[in-house]
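One structure is given below, encoded as structure tokens.
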Amino acid sequence: MNILVLRYRFIGDTILTVPFLRNLRRAHPDARIDLVVAPYSSDALRGIPYVDNLIVYDPPTIHQDSGGLHRTLGSKIRFLKELRATRYDKAYILKRSFSSALIAFLSGSRERIGFDTEHRGFLLTKRIPYRKDRHEVQNFLEVLRADGLPVISDHLEAWLSEDEISFASEFLSQEGCPAGAPLIGIHPFSAVPQRAWHMDRFIGVANALQEKYGARILLLGGRRDVEAASGMEKRIRPKPVVAAGRADLRQTMALLSKCSLLVCNDSGIMHLAAALNVPLAALFGPQTPDLFGPWGKRCAVVTKRFHCSPCKQKFFTECKPSPSGNPCCMESITEEEVLAAAGGLLKENLTL
């Protein structure tokens with residue numbers, strides 16, 4: 151049997167498919183399972199044993215890392231021809247867009263199973279209701295259940311190589327991280343600026359955690375975050391280890407695996423930390439943690455519910471911005487609340 155799975159988008163969306171893929175592989179141990187992914191998030195699944203092939207699909211998007219490889223009609227036709235050549239028996243469309251269901255239909259797959267969203271039901275052979283009151287992982291697993299397949303487990307996973315783990319150890323050693331001292335990751339950035347907590351408050355939390363727990367701060371981020379990370383570095387005492395712009399995604403995952411705690415915004419890094427079983431405190435404002443919160447046993451969410459929660463994320467049409475320019479639901483989170491959540495997780499982790 152040849153099976154196609156479509157969930158091409160951001161890092162978080164990608165890593166949340168792992169429980170689905172694991173249960174699918176358990177139900178079909180001898181099948182060929184191919185996963186359509188975005189080029190900027192496929193690295194998150196490197197080493198996954200449940201998929202035979204990662205197929206990159208890269209249409210133009212607002213994502214800053216999108217290269218638009220499949221920008222033209224000709225490139226899209228060639229992509230569809232490649233899919234059709236495999237002769238898929240079944241396609242699971244975990245993405246909710248009309249275009250993803252159309253791709254599954256044009257791939258020639260005889261069975262097409264997915265969410266009944268965006269008026270695309272006529273393209274599917276089995277429609278599953280999408281619920282916004284349960285986590286995305288649970289929504290994905292419900293697709294399997296609706297297709298008559300058993301769900302045995304729902305935990306996240308991520309895979310690191312020995313070279314990647316060695317990189318993290320050497321990187322931290324060169325930065326003078328003392329052996330045995332807790333390492334606390336701080337990821338203050340977000341692809342959607344309105345989902346980010348105020349930088350000044352992250353700095354306050356970082357300084358307080360270092361002072362109280364004798365910890366070392368690891369400042370995480372991507373290439374586009376280098377300037378902001380440099381500004382934060384000057385105000386965090388003792389000086390943090392800055393990995394922003396110095397580590398690629400896989401290396402960042404390895405560094406995360408060394409952390410005793412992560413404090414972060416709603417982001418792909420948050421989901422990767424959960425997949426690596428790193429304790430984390432995540433800050434949520436506009437996005438709903440019920441649907442996209444961190445999925446793991448050692449995860450805390452700090453959030454405030456407003457009359458307009460969950461937000462439609464058409465920012466400042468339902469509410470006025472705070473003095474900082476960000477949504478009030480984000481800015482209403484205090485340093486004391488974050489420190490309480492982070493401290494509880496850190497104490498628990500250090501006593502294990």
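Every number in the numbering used here is 150 more than the matching position in the sequence shown, counting from 1. Think of the CB as a built atom: it goes at the ideal place given N, C-alpha and C, for glycine as much as any other residue. Note that the coordinates shown come from a computational prediction; the quantities given were computed from them, not determined experimentally.
Legend entry - Spatial distance of I483 from A254 (CA atoms): 42 Å
Inset, instruction - Determine which residues share a DSSP beta bridge with P477 and list them. - result: P471
Legend entry - Cβ distance (whole Å) where P471 is taken to contact T453 below 8 Å: Incorrect: roughly 18 Å between the Cβ atoms, too far for contact.
Inset, instruction - Within 10 angstroms of the Cβ of T467, are there 16 or more other Cβ atoms? Answer buried if so, exposed if not. - result: T467 is classed as exposed because its beta carbon has fewer than 16 other beta carbons within 10 Å across all chains shown.
Inset, instruction - Measure the C-alpha to C-alpha separation of T222 and Y207 and round it to an integer number of angstroms. - result: 12 Å
Inset, instruction - Determine the DSSP secondary structure at Y242, reduced to helix, strand or coil. - result: Correct three-state label for Y242: strand.
Legend entry - Supposed contact pair L359 and I334 - C-beta distance, whole angstroms, cut 8 Å: 5 Å
Inset, instruction - Pair every Cβ in the region 272–285 with every Cβ in the region 359–375, then say whether three or more of these pairs are closer than 8 Å. - result: no
Inset, instruction - Please say whether I198 and V155 have beta carbons closer to each other than 8 Å? - result: no
Legend entry - Within the region 257–323, ranges of the beta strand (DSSP E) (whole runs, at least 3 residues): As for any beta strand (DSSP E) of minimum length 3 sitting wholly inside the region 257–323, the runs are 261–265, 276–278, ordered along the chain.
Legend entry - Bridge partner(s) assigned by DSSP for A356: Bridge partners of A356: none, in fact.
Legend entry - Residue range of the unbroken beta strand (DSSP E) whose run includes A432: 430–434
Legend entry - Entirely enclosed alpha helix (DSSP H) segments - the region 378–443, minimum 4 residues: 399–407, 418–425, 439–442
Legend entry - Cβ-Cβ separation, Q463 to P444 (assumed contact under 8 Å), whole Å: No, P444 and Q463 are not in contact; Cβ-Cβ is about 19 Å, not under 8 Å.
Legend entry - Check whether N289 and P338 have beta carbons under 8 Å apart: no
Legend entry - Inter-stretch contact (C-beta, 8 Å, three-pair minimum) for the region 390–404 and the region 245–253: no
Inset, instruction - Look up G335 in the DSSP assignment and give the residues it is bridged to. - result: L368, L412
Inset, instruction - Could you check if I302 is buried or exposed, using at least 16 other CB atoms within 10 Å of its CB as the buried criterion? - result: Classification for I302: exposed.
Inset, instruction - Measuring only between beta-carbons, confirm whether W309 sits less than 8 Å from chain D. - result: Note that chain D does not occur in the displayed structure, where there is just one protein chain.
Legend entry - Between the CA atoms of R237 and A378 - distance to the nearest angstrom: Take the alpha-carbon of A378 and the one of R237: they are about 48 Å apart.
Legend entry - I227 burial status per 10 Å Cβ neighbour count (16 or more: buried): exposed
Legend entry - First through last residue of the alpha helix (DSSP H) which encompasses D163: 161–165
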